[in-house]
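Taking it in order: structure first as structure tokens, then the write-up.
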Amino acid sequence: MQSVLSIAVDALAYGMVLFVISIGLSMTMGLMRVVNLAHGAFAMVGGYLASYAVRDLGLGYVAGVVLAVAGTVVIAAPIERLLYRRIYNKAELIQVLMTIGITFCVIGIANYVFGPTLKTIPLPEVLSGPVDLGFRSIAAHKLFAIVCGLAVAVALWYLVERTPFGVKLRASVDNAPMAAALGVRTKSVYAASFAIAVGLAAFGGIVGAELLPIEPYYALRYMVTFLVVVSVGGAGSIGGALLACLVLGAVDTTGRYLVPEYGEFFFYLAVIVIVCVFPRGLLGRA
Amino acid sequence: MNANHPASVTGQVVKPRFSASADWIGLAVILAASVVGNLLFPNNLALLTRVIGIVMLVLSVDLVTGFCGVATLGHAALFGAGAYAAGIAAAHFGISDPFAMIAAGAVGGAVAGLISGLVVLRSHGLGQLVLSIAIVNLFHEAANKATSWTGGSDGLTDIAPSPLFGVFGFDLWGRTAYVLGIALLVIVFFLLQRLSRSPFGMLCRGIRQDPIRVAAMGASVKKTLLKMYIISGAVAGVGGGLNAISTQVVGLDSLSFTLSAQALVMLVLGGTGSLYGAIIGTVVFMLFEDFVSAANPFHWLTIMGALLVAVVLFAPRGIFGTSAQLFDQWRRR
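As structure tokens, this is what we get:
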């Protein structure tokens, strides 16, 4: 019973970290139709900046997180303007290659600037200890990751479904020329949603740094996982991404606990089965 | 693949630019280049043999991506399956004749091609990419787990190919392996040229440009693509088998996502949809990599990333496609 509970908590925390990072990718892929393989690179940049701010500059955790997310968005904005804008509406192969190229560059530069070692983000006292839930205690940072995931899901759903910006975003996605004719600045909308996606990636990279440690190959190592989550959930669907993260997080964590010698075998087997049964993802739009 | 879009790399109309006599020129150039390679790197024939093995992998990617328009990030599964098939044949079944090992590699690759084709072709676009990645990772984990057959993360050793024709042994200098590789490359290249000009090859190009129309004309799109996947697997398997013979060890890295992504990068660097592009891209990429990463592996990543972005922005047809285009313009003047 104890082990079932600890697997469940770990799976939930892992799934939520995956969700916070992947939901940004799901947005870029589902709404803006860009296969952005550099998404993991932005999560990594967020983690590095947070580590630098909290550990080396001695800022508080909250200030460090805010600074890191903002910094990542600032770094990503010119990349969007110069590179991504040229590959919207291009074939997938082109998008894949361009974004892999960006990922390679980021890895090389991160290693040059920060070195090849693992970087940690020191947690504040509130998050570093265990939390007693009455029947058992769990690590506070895992609880924090779960809460962050839920908060992001709700906030994003509200943003897309209930705000004027969400209306403009959905209009630009469905029919960009028509939305532009009606006075929506589609380019700004795209830039803004790209910034949100990158910010979420950075935030997820920081929150999940305990589970997915920050090192130069982070961008490449977890890129596939994020891509898999999005395609399993269905690009552009918040609920789908949440469901996919919970399912895949559960499969992966259970596999690691019970049959660690198989590595990620069951994770990828589950992916193949799900994508074959649901070619558009669990909750993807047609 | 979004074949209808005018700006897509793979959507361009590729005319058979050269006549049949140019095929022989192409073969002659390969032979000449191999002699030059031998003279330039007499002490590094192992590298050149590895390049030939990877050329086969990239040709194999070209068959499905360049000709059929199926984007894949998991083609190392086919290459690695060939390498392991050849290695297991030698290490566990005592089949040490190099040609038999190559044949085992081709069969192993073709079977892996059949499996990945069956899975990957169930989906489209992003789903295809993800399925191909899942396949190569699944193969990787399976090979990692089946240690009694594959040696797991230590790699498969005890591969001792017997001398070629019973005369030419595979020695430390790798001369025999190099010559064998060149011979295999010439044969594969010749066959693939025939294939690309055959009705079947034309059908594949047709599918890339407009699958719905091909289906409306009465051809089975899925069956054709699956056939191409199997052929592609055999080609990659020959490359894997050659690699197993030349290095006498098969490691898990031959089944990795990284190798798959690199193969795609090499193909696009050279130019998709053309056999010459696949070869040029691989040779340039690997020699450049050997040169730069000897200095600093991380600078290599940065440079390769920048190169990739530059190719996508400024030369979307790759080295071969762009130079062929420039050459055409110059001749028309």
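Just so you know, the protein sequences line up as chains A and B, in that order. Anchor point for the first sequence: position 217 equals 217 in the numbering used here, and the numbering is continuous, going up by one each time. Here the numbering used here runs 1000 ahead of the position in the second sequence, where the first position is 1. We put the CB at the ideal spot given by N, CA and C, even for glycine. As the structure is a computational prediction, the values presented were derived from the model and not from experiment.
Residue-level contact to chain A via CB, residue i, 8 Å cutoff
{"i": "G1305 of chain B", "result": "yes"}
{"i": "F1334 of chain B", "result": "The structure shown has nothing for residue 1334 of chain B, since chain B only spans 1001 to 1333."}
{"i": "A1033 of chain B", "result": "no"}
{"i": "N1137 of chain B", "result": "yes"}
{"i": "L1078 of chain B", "result": "no"}
{"i": "S1008 of chain B", "result": "Caution is warranted here: a pLDDT of 42 is assigned to S1008 of chain B, below 50, making its placement in the model unreliable, and the coordinate value is therefore given only provisionally. S1008 of chain B counts as touching chain A."}
{"i": "E1289 of chain B", "result": "no"}
{"i": "G1125 of chain B", "result": "yes"}
{"i": "V1309 of chain B", "result": "yes"}
Residue i classed as buried or exposed, judged by whether at least 16 other C-beta atoms fall within 10 angstroms
{"i": "P216 of chain A", "result": "buried"}
{"i": "I1030 of chain B", "result": "buried"}
{"i": "V273 of chain A", "result": "exposed"}
{"i": "I146 of chain A", "result": "buried"}
{"i": "A1234 of chain B", "result": "buried"}
{"i": "L258 of chain A", "result": "exposed"}
{"i": "D56 of chain A", "result": "exposed"}
{"i": "V277 of chain A", "result": "exposed"}
{"i": "K168 of chain A", "result": "buried"}
{"i": "E161 of chain A", "result": "exposed"}
{"i": "N111 of chain A", "result": "buried"}
Interface residues of chain A facing residue i [CB-CB closer than 8 Å]
{"i": "P1316 of chain B", "result": "I94"}
{"i": "E1141 of chain B", "result": "Y262, G263, E264, F265 and Y268"}
{"i": "A1261 of chain B", "result": "I100"}
Short CB-CB distance (under 8 Å) between residue i and chain B
{"i": "I146 of chain A", "result": "no"}
{"i": "A235 of chain A", "result": "yes"}
{"i": "C366 of chain A", "result": "As shown, chain A starts at 1 and ends at 286. That puts residue 366 of chain A outside it, with no answer to give."}
{"i": "F114 of chain A", "result": "no"}
{"i": "F265 of chain A", "result": "yes"}
{"i": "S231 of chain A", "result": "yes"}
{"i": "G101 of chain A", "result": "yes"}
{"i": "P323 of chain A", "result": "Outside the shown range of chain A (1 to 286) lies residue 323 of chain A, about which nothing can therefore be said."}
{"i": "M27 of chain A", "result": "no"}
{"i": "P124 of chain A", "result": "no"}
{"i": "A286 of chain A", "result": "Summary for A286 of chain A: the model assigns pLDDT 48, below 50, so the residue's position carries little reliability; its value from the coordinates is reported in the next sentence. Answer no: the Cβ-Cβ gap between A286 of chain A and chain B never drops below 8 Å."}
Within chain A, the residues that residue i reaches when beta carbons sit closer than 7 Å
{"i": "L1131 of chain B", "result": "I272 and V275"}
{"i": "L1313 of chain B", "result": "R86"}
Within 8 Å, strictly: CB atoms of residue i and residue j
{"i": "G199 of chain A", "j": "I21 of chain A", "result": "no"}
{"i": "A1104 of chain B", "j": "A1089 of chain B", "result": "yes"}
{"i": "P279 of chain A", "j": "S1254 of chain B", "result": "no"}
{"i": "F1189 of chain B", "j": "I1245 of chain B", "result": "no"}
{"i": "F1079 of chain B", "j": "A1236 of chain B", "result": "yes"}
{"i": "L1242 of chain B", "j": "I1052 of chain B", "result": "yes"}
{"i": "S1260 of chain B", "j": "G1108 of chain B", "result": "no"}
{"i": "V1250 of chain B", "j": "G1155 of chain B", "result": "yes"}
{"i": "T72 of chain A", "j": "F42 of chain A", "result": "yes"}
{"i": "L1129 of chain B", "j": "A1077 of chain B", "result": "no"}
{"i": "I1054 of chain B", "j": "T1258 of chain B", "result": "no"}
{"i": "A202 of chain A", "j": "V62 of chain A", "result": "no"}
Contact set between residue i and chain A, taken where Cβ atoms lie within less than 9 Å
{"i": "H1075 of chain B", "result": "Correct list: empty, because the minimum Cβ distance to chain A is about 13 Å."}
{"i": "A1071 of chain B", "result": "A91, E92, L93 and V96"}
Where residue i meets chain B, residues with beta-carbon distance less than 9 Å
{"i": "M16 of chain A", "result": "The contacting residues do not exist; M16 of chain A stays about 21 Å from chain B at best."}
Contacts that residue i makes with chain B (C-beta to C-beta distance below 8 Å)
{"i": "V228 of chain A", "result": "V1130, I1133 and A1134"}
{"i": "G108 of chain A", "result": "F1298, H1299, W1300, L1301, T1302, I1303 and G1305"}
Members of the region 1143-1171 of chain B near chain A, C-beta cut-off 9 Å: For the region 1143-1171 of chain B, the residues whose beta carbon sits under 9 Å from a beta carbon of chain A are, in order, N1144 and K1145.
Residues of the region 76-94 of chain A with Cβ closer than 8 Å to any Cβ of chain B, in chain order: Listed in sequence order: L83, R86, I87, N89, K90, A91, E92, L93 and I94.
Residues in the region 157-181 of chain A having any Cβ partner in chain B nearer than 8 Å: Of all residues in the region 157-181 of chain A, none places a beta-carbon less than 8 Å from a beta-carbon of chain B.
Where the region 1096-1122 of chain B meets chain A: residues whose CB sits under 9 Å from a CB there: Answer in chain order: V1119 and R1122.
Against chain B: residues of the region 213-224 of chain A by CB proximity under 8 Å: Those residues of the region 213-224 of chain A that come within reach of chain B (Cβ to Cβ, closer than 8 Å) are P216, L220 and V224.
Contact set between the region 33-47 of chain A and chain B, restricted to residues whose Cβ is under 8 Å from the partner: Those residues of the region 33-47 of chain A that come within reach of chain B (Cβ to Cβ, closer than 8 Å) are V35.
Within 7 Å of chain A by C-beta, residues of the region 1266-1280 of chain B in sequence order: From the region 1266-1280 of chain B, only V1268 have a Cβ closer than 7 Å to chain A.
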